[in-house]
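For the sequence shown, our numbering begins at 5 and goes up steadily by one. We put the beta carbon where it would ideally sit given N, CA and C, even for glycine. Note that the structure is a prediction, hence the values are computed from the model and not measured.
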Amino acid sequence: MDGPNLVRRGAAAVLAIAVCGGLSTLGPSAGRVQFAVAQRSSPPEPARAPEPPPPDCTRAKCVALTFDDGPAASTGELLDILAARRVKATFFLIGKNVAEYPELVRREHAAGHEIADHSYSHANLGRASKKKIRSELTRTQDAIRRASGVTPTMLRPPYGSTSRRLAEVTREMGLAQVLWTVDPQDWDSRDTEDVERQVLAAAKPGYIVLMHDIHRTTVRAVPKIIDRLAAQGYEFVTVSELFGGRLTPGKEYVQRNSGEPQGLP
5 MDGPNLVRRG AAAVLAIAVC GGLSTLGPSA GRVQFAVAQR SSPPEPARAP EPPPPDCTRA
65 KCVALTFDDG PAASTGELLD ILAARRVKAT FFLIGKNVAE YPELVRREHA AGHEIADHSY
125 SHANLGRASK KKIRSELTRT QDAIRRASGV TPTMLRPPYG STSRRLAEVT REMGLAQVLW
185 TVDPQDWDSR DTEDVERQVL AAAKPGYIVL MHDIHRTTVR AVPKIIDRLA AQGYEFVTVS
245 ELFGGRLTPG KEYVQRNSGE PQGLP
């Protein structure tokens with residue numbers, strides 16, 4: 005009798021091992037199936053809302069706020085101010101400062117601001133040779149491209165100094181020349197309230213406002229400038245938006261004064 009019992013016990017043991025092995029094989033697969041189901045049932049992330057189109061500056065009261073000579077340590081504070089008010093601006097950058105603060109250039113671009121060339125060393129391009137002009141502009145274009153992936157299509161000549169040579173080179177390089185209509189001389193006064201007064205008194209539809217984000221006194225004037233002009237119905241646009249799109253290389257732009265209507269109801 006011991007022989008048959010021993011056989012039966014051995015067969016039962018083999019069956020138990022087989023069943024347990026099968027269950028252990030199935031276990032992880034079942035877990036994976038449950039995890040996959042849980043993943044599929046997770047709600048999708050909400051889509052980011054598209055940016056609204058820029059205003060029609062033939063009808064809206066548009067003004068372009070522009071900032072020269074950065075980036076600098078104070079640029080981060082200005083970007084916070086602009087973000088809080090949902091205002092887009094245009095930054096004319098010095099190439100050597102771009103090399104020092106590339107992260108601020110990337111932040112400007114990521115926030116939707118317009119980035120443009122202001123020479124590499126703040127050189128007087130109106131009096132420079134073609135060789136000097138090309139060097140100043142090419143080095144700045146390269147620095148901005150490395151920092152942000154953007155290739156600027158606009159130049160602001162330092163000191164507003166231009167020439168036929170500069171017009172020729174910028175035309176060849178695909179750069180429009182952007183000057184300004186309102187200059188509060190913030191580099192000289194270094195007075196926040198004076199900057200506020202001058203900009204608010206001079207701003208008109210179609211104008212380009214020149215300021216410098218390298219001066220904290222100017223940065224601190226920006227909130228009141230934006231708030232007061234917004235209360236008067238102004239829309240804040242980039243320089244390109246002010247003129248309805250891409251500007252003509254080599255041409256000088258001071259304000260939207262082409263004869264088209266501005267600020268109509």
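### Message
Quick check on Leu251: does DSSP put it in helix, strand or coil?
### Response
coil
### Query
Should Arg150 be labelled buried (16 or more other beta-carbon atoms within 10 Å of its own) or exposed?
exposed
### Message
In the DSSP output, which residue or residues are listed as bridge partners for Met158?
### Response
Ala180
#### Entry: Leu69: first and last residue of the uninterrupted beta strand (DSSP E) it sits in
65 to 72
### Task
Per DSSP, which residues does Asp121 bridge with? Please list them.
Leu97, Leu159
### Lys85 vs Val226 beta-carbon contact at 8 Å
With the sequence shown as reference, residue 85 is identified as Ile, and Lys is not the correct amino acid for it. Yes, they are a contact pair.
### Query
Count the other CB atoms within 10 Å of the CB of Asp217; is the residue buried (16 or more) or exposed (fewer)?
With 16 or more Cβ atoms within 10 Å of its Cβ, Asp217 is classed as buried.
### Query
So what's Gln259 in DSSP terms, helix, strand or just coil?
strand
### Message
According to DSSP, simplified to helix, strand and coil, what is Ile212?
### Response
strand
### Query
Looking only at its own chain, which residues have a Cβ that is under 6 Å from the Cβ of Arg169, when we skip the five neighbours before and after it?
Correct list, in chain order: Lys134.
### Task
Compute the beta-carbon to beta-carbon distance between Phe71 and Leu82, rounded to the nearest angstrom, for a pair I have assumed lies under 8 Å.
Phe71 to Leu82, Cβ: 7 Å. Contact.
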